[in-house]
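Asker: Quick one: this structure, given as structure tokens, is what I'll be asking you about.
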Amino acid sequence: MKLSLPVWALAAALLPALHSARADVVTDWNVTALSLTQSSPPPIEIRTLALTHVAMFDAVNAVTRTHEAYMKPAPTAPAGASAEAAAAAAAHAVLLSIYPQQKPALDTALQASLAKLSDEGAKSAGSALGRRVAEQCIAMRSGDGWNARVAYTPPGTPGSWQPAPPSMGTFASVAWAEVKPFFVKSSTEVTVPGPLAVDSPQYLKELDEVRRLGGRYSTERTADQTAAAIFTLLNGGQMWNAAARAGAAAKATTMPENARIFAVINMAAMDALITGWEVKRKLGTWRPLTAIRAASRNPDPSWEPLINTPPHPDYVSGHSVTSGAWSRSLQLLFGTDAVPFTATFAGALTRHFTSFSQAAIEIENARIWAGIHTRTADEHGLALGRQVAELAVQRAMKKIE
């Protein structure tokens, strides 16, 4: 995967990251990675974060040797290698492999990290270790299937997914259903009940909820609900990694602890995305827009959602799936739900949250207020993501006793 962004734009995005006060090299490079991915599609952002952070973890852990490595064979560190230099070099190399045209800005970020270290020998050994771990990580995921071409033909049955305006786009992102996960061993390990029958009273009730609260010109949706709905246009990685940084600050976690935390939460989100897209492929239902316009009772051919309908099925909600994974893994890894945090979209719209679960529930509701998901698709998505997170935390890089 190689992506590009104008160098001047990246440099401008990185500048605040380099000069703001932050806890350690892991959170520094988390912000740097997010500066690169903020305009990427959510699946690409999640994959980038997962690769960057698993490389940083294995690089740091090769020095500290506190946990099992994720990659096999486990990377080994030369005597005296700096864990900080290893983490920075690993992140730099992974991101450079994805964004090769951003080398000047990434080099600047690396220099800023290494300038904080005084021992030249430790710095050199750590940097070499980090580059080696990054190469191993890139090789490990080079054939994971993220960019495969996967055919998908809509079933054409009542209630099944079909392209929706304005994009009328095909289900091109179905390839994510076949990407290799990090922790989940098979799609049968995590389950969802399945979508509601489109002629059931409960489905009709949920569709009416979307019609009333999610319409572009709704008179029932409040101003705060509108703001929450628009806020979900922010990539989940941006929001939930901000939550993780807030958790790290609140709990005063160490750099090696952060290396594991940020790796696990983003790898869990990647696995949740994969399992969610597999559900979409198998059980995908039409979007509320399609259902409302084609309703057997009170059809509204001119109805429009608040935000444009994405080109993939309603069931299950992808945003809810990944939010479930991020929120639950954060709860488990920090040992608490009560971490206040703030995230900002487009430099203008800021939301404040009192806990991880409160943020996840807001997203569940906000996708309804946005007019693009039914409640069951959101609730089941959130539950699926939580299941994935619990598996990931249970299996991830266990402490060496």
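Residues -23 to -1, 1 to 378 (mature numbering (1 follows the signal peptide of the UniProt record, and there is no 0)) make up the sequence shown, in order. Think of the CB as a built atom: it goes at the ideal place given N, C-alpha and C, for glycine as much as any other residue. Please read these numbers as outputs of a predicted model, since none were measured by experiment.
Rounded to a whole number of angstroms, what is the C-alpha to C-alpha distance between Thr319 and Arg328?
Answerer: Near 6 Å, if we compare the C-alpha coordinates of Arg328 and Thr319.
Asker: For Gly213, which of helix, strand or coil comes out of DSSP?
Answerer: Three-state result, Gly213: helix.
Asker: State buried or exposed for Thr331, treating a residue as buried only when at least 16 other CB atoms are found within 10 Å of its CB.
Answerer: Exposed, since its Cβ has fewer than 16 Cβ neighbours within 10 Å.
Asker: So, for Ser306: in the same chain, excluding its five sequence neighbours on each side, which residues have a beta-carbon less than 7 Å away from its beta-carbon?
Answerer: Result list for Ser306: Val241, Ile242, Ala245, Ala366, Ala369, Val370, in chain order.
Asker: Along the chain, which unbroken stretches of the alpha helix (DSSP H) at least 4 residues long are found entirely within the region 199 to 275?
Answerer: Runs of the alpha helix (DSSP H) inside the region 199 to 275: 200 to 208, 213 to 228, 232 to 260, 265 to 270.
Asker: Report the rounded CA-to-CA distance for Thr134 versus Met48, giving the unit in angstroms.
Answerer: So the two alpha carbons sit approximately 44 Å from each other.
Asker: Just the C-alpha distance for Asp1 and Ser163, rounded to the nearest angstrom, thanks.
Answerer: Between Asp1 and Ser163, the C-alpha separation is close to 35 Å.
Asker: To which residues of the same chain is Arg363 closer than 6 Å at the C-beta, ignoring the five residues directly before and after it?
Answerer: If we look at Arg363 and ignore the five residues flanking it on each side, its Cβ neighbours are Gly301, Arg305.
Asker: Determine the closest residue to Leu283 out of Pro18, Ile345, Arg222, Leu184, with distance taken between C-alpha atoms.
Answerer: Nearest C-alpha to Leu283: Ile345.
Asker: Please report the distance separating the alpha-carbon of Ala54 from that of Thr25.
Answerer: Each residue's Cα considered, the two are about 24 Å apart.
Asker: Where does Ser137 fall in DSSP's three states?
Answerer: Three-state result, Ser137: strand.
Asker: Using the Cα positions of His357 and Asp248, report the straight-line distance between them to the nearest angstrom.
Answerer: Cα to Cα, His357 sits roughly 16 Å from Asp248.
Asker: Count the C-beta pairs between the region 289 to 296 and the region 255 to 272 that are closer than 8 Å, then say yes if the count reaches three, no if not.
Answerer: Yes, since at least three Cβ pairs between the region 289 to 296 and the region 255 to 272 fall closer than 8 Å, the two stretches touch.
Asker: Count the CB pairs spanning the region 8 to 17 and the region 211 to 230 that are closer than 8 Å, and state whether there are at least three.
Answerer: These segments touch.
Asker: Taking 9 Å as the threshold (C-beta atoms), are Leu13 and Tyr76 in contact?
Answerer: Against a cut-off of 9 Å, the Cβ pair of Leu13 and Tyr76 comes out as a contact.
Asker: Would you kindly report the start and end of the unbroken alpha helix (DSSP H) that includes Phe322?
Answerer: Not the alpha helix (DSSP H): Phe322 falls in the beta strand (DSSP E), residues 318 to 322.
Asker: Going by DSSP, what residue range makes up the alpha helix (DSSP H) through Phe34?
Answerer: From DSSP, the alpha helix (DSSP H) with Phe34 extends over 19 to 41.
Asker: Starting from Thr327, follow its DSSP beta bridges and name the residues at the other end.
Answerer: BP columns for Thr327 point to Thr321.
Asker: In whole angstroms, give me the CA-to-CA distance for Pro317 and Thr299.
Answerer: Pro317 and Thr299: Cα-Cα distance of roughly 19 Å.
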